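One structure is given here, and the rest of the page talks about it.
Protein chains in written order, with the numbering used here: chain E, 1 to 316; chain Z, 317 to 619.
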């Protein structure tokens, strides 16, 4: 769960207005056609150079053994086989999935709790919501530095001090092979939950208050009210939060790179950090490109899949 | 956060006794155990989400800050850390960051407004395809195409220019962002065609149409793409990392990890750098908070 503003950007949002809304407009003449394309040129040039050429270049490189001075050799799908049989990539895949699932669900649950706690119109609640949102607007690199300090692994580190107050043993956090991945997940939840809180708060305002009142008249408990009125009303926003976060978590890089760099002993290596170290540190560009293409394909399939699913649901 | 203002006004007339039904959990507006519990939970939540920031800021102004001795207020106030940061070239990194953020955001917003104008106010062949390409760029974030992108930055196809080591290597790639184009064109679609037609009868050209008629109506959307764009650019990590020739090209966010790995630099300097990297996003957030919330909820309710 990253903090990047790409959050709502994922292409799950269909361009449904694209075909319907334009019926009122007339077809345009030659002078206007020129204007249309002139306005599109900046986006087209930048998109071509920094999105589409790199994408095709990546696909091409993934089929070659890339050697800077000796010339590239075509190797077919060897790079892909290398990736899929590489134990470290498979470990990274496992870590990516564990991290993604933990962060996504954790941030959703915490965001939900925050929204329930901070729902209301009082000025003090508004101030509190503003303060709590800070982790979302802070750059991930800074969030990482903050948590590296909080996680300081000696017994007198900030979090270990707090653990000491409640009588727990100090933890290694980012330095321990069995705690590091969970420590990263906590950071992801911390920085992602307030974002979900805002989405869920917006959903909560949409719930019909008279339903709460009649539930109160019928003597429903708070839990029943939550279970049968609030949750069903929030379902659409929860589904969106979940799918967007799950897809995004596949490519999480910055938080892992800043917090542990994949260590200790590879225990937090995710797909992107493995790709990065192969491509930029070991210069194995062919194999790294194959890994990138696989990531792209999985992202694409997931996005299109959830989109189709959402469409079918909407049609019913 | 402004969604609280959208409640129907009719509710005001209901007796205040029913305000127990204002929230999903039924928080009571009166003092009592319910209220006390809520206050305690709120304090706890505040500590978890906001206090780490205070600790960082306090550490940046503390004479001997150390992770094992952290406090919410500096024990001995000093600006020494920032002076030391200056010797480490932190102001240069900050300058890089500001140039990249300013230039990148300006380019991104301009490109998005132009593209959105074409995609939403006009009708032409291949429009659906162009929109599809825009949506596709959202699936190609810098991380996924990092390796070929770094090769392209080192040797632009056809032009044969290397952008590496220049701020342009970060500014140009962030200039194209599908989300921004998408939000903008969705908003522009809502503007009635009559406004445009009336102006066209008066002989208004395309540029004037966009800048004097359409754009002033798009202020809310400009706010949204402004703050999301800023956060997107400020948060860039991998791109400045691969676009740099040597560490002096780094932006502040990337430079933080360089400073951390330098054993001669104390934690105080690192914290000073972190505070400097926090301030701009904090300012932008406080000024454009409403747009931020609007953008999040719009992104969430669509689709």
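Note that beta-carbon positions come from the ideal geometry of N, C-alpha and C, so glycine has one too.
Computed from a prediction, not measured in an experiment: that's the story for all the values here.
If you look at residue 396 (chain Z), you'll find it in the alpha helix (DSSP H) that goes 396-403. By a beta-carbon distance limit of 8 Å, residue 585 (chain Z) contacts residue 575 (chain Z). Their separation comes to about 6 Å. Look at residue 382 (chain Z) here: in three-state DSSP terms it is strand. In this chain, the alpha helix (DSSP H) harbouring residue 427 (chain Z) covers 406-437. For residue 510 (chain Z), the closest C-alpha among the options Z:460, Z:530 and Z:495 is that of Z:530. The DSSP assignment places complete alpha helix (DSSP H) segments of no fewer than 4 residues inside the segment 438-504 of chain Z at 443-454, 462-470 and 484-491, in order along the chain. Excluding residues up to 5 positions away in sequence, 546, 549, 550 and 596 lie with their Cβ nearer than 8 Å to the Cβ of residue 417 (chain Z) in the same chain. Burial is judged here by how many other beta carbons sit within 10 angstroms of a residue's own beta carbon; residue 301 (chain E) has fewer than 16 and is exposed.
By the Cβ test, the segment 247-265 of chain E is in contact with the segment 163-182 of chain E, since at least three Cβ pairs between them sit closer than 8 Å. Taking residue 118 (chain E) as the centre and dropping the five residues before and after it, the same chain places the C-beta of 125, 128, 129, 132, 197 and 201 closer than 8 Å to its C-beta, in chain order. Per DSSP, the beta bridge partners of residue 65 (chain E) are E:73. For the segment 138-171 of chain E, the set of residues with a beta-carbon nearer than 7 Å to any beta-carbon of chain Z comprises 138, 139, 140, 141, 142, 145, 146, 149, 150, 152, 154, 156, 157 and 158, in chain order. In the three-state reduction of the DSSP assignment, residue 393 (chain Z) falls in the strand class.
With a beta-carbon spacing of about 14 Å, residue 483 (chain Z) and residue 424 (chain Z) fall beyond the 8 Å limit used to define contacts.
In the three-state reduction of the DSSP assignment, residue 198 (chain E) falls in the helix class, which pools H, G and I. Ranked by how close their Cα comes to the Cα of residue 204 (chain E), the residues E:238, E:221 and E:185 have E:238 in first place. Against chain E, a Cβ distance below 7 Å from residue 553 (chain Z) picks out 140, 141 and 254. Your pair residue 589 (chain Z) and residue 414 (chain Z) does not check out as a contact, with CB atoms roughly 14 Å apart and the cut at 8 Å. Linking residue 346 (chain Z) to residue 465 (chain Z) through their CA atoms gives a straight-line distance of about 59 Å.
Taking 8 Å as the cut-off, the Cβ atoms of residue 55 (chain E) and residue 459 (chain Z) do not count as close. Counting C-beta atoms within 10 angstroms of its own C-beta, residue 251 (chain E) has 16 or more neighbours from the protein chains shown and is therefore classed as buried. Closest in alpha carbon position to residue 207 (chain E), among E:116, E:88 and E:172, is E:116. Proximity of chain Z to residue 32 (chain E) at the Cβ level (cut-off 9 Å) is accounted for by 438, 440 and 522, in chain order. If you check the CB distance, residue 431 (chain Z) and residue 40 (chain E) come in under 8 Å. Contact of residue 486 (chain Z) with chain E is not assigned, every C-beta pair being separated by 8 Å or more. Taking all protein chains in view, the Cβ of residue 311 (chain E) is surrounded by fewer than 16 other Cβ atoms within 10 Å, so the residue is classified as exposed. Counting only the Cα atoms, residue 570 (chain Z) lies some 6 Å from residue 553 (chain Z).
Put simply, the backbone Cα of residue 394 (chain Z) is about 11 Å away from that of residue 400 (chain Z).
Contact annotation: the segment 555-567 of chain Z does not touch the segment 65-75 of chain E, with fewer than three C-beta pairs closer than 8 Å.
At the C-beta level, residue 173 (chain E) and residue 159 (chain E) come within 8 Å of one another. Closest in alpha carbon position to residue 80 (chain E), among E:287, E:190 and E:94, is E:287.
Restricting attention to alpha helix (DSSP H) runs no shorter than 4 residues, the segment 86-121 of chain E encloses them at 87-118, ordered along the chain. Proximity of the segment 494-506 of chain Z to the segment 81-99 of chain E falls short of the contact definition, fewer than three beta-carbon pairs being nearer than 8 Å. Residue 141 (chain E): member of the alpha helix (DSSP H) spanning 140-150, first to last residue.
Where residue 160 (chain E) is concerned, the enclosing alpha helix (DSSP H) starts and stops at 158-165. If you look at residue 225 (chain E), you'll find it in the alpha helix (DSSP H) that goes 222-225.
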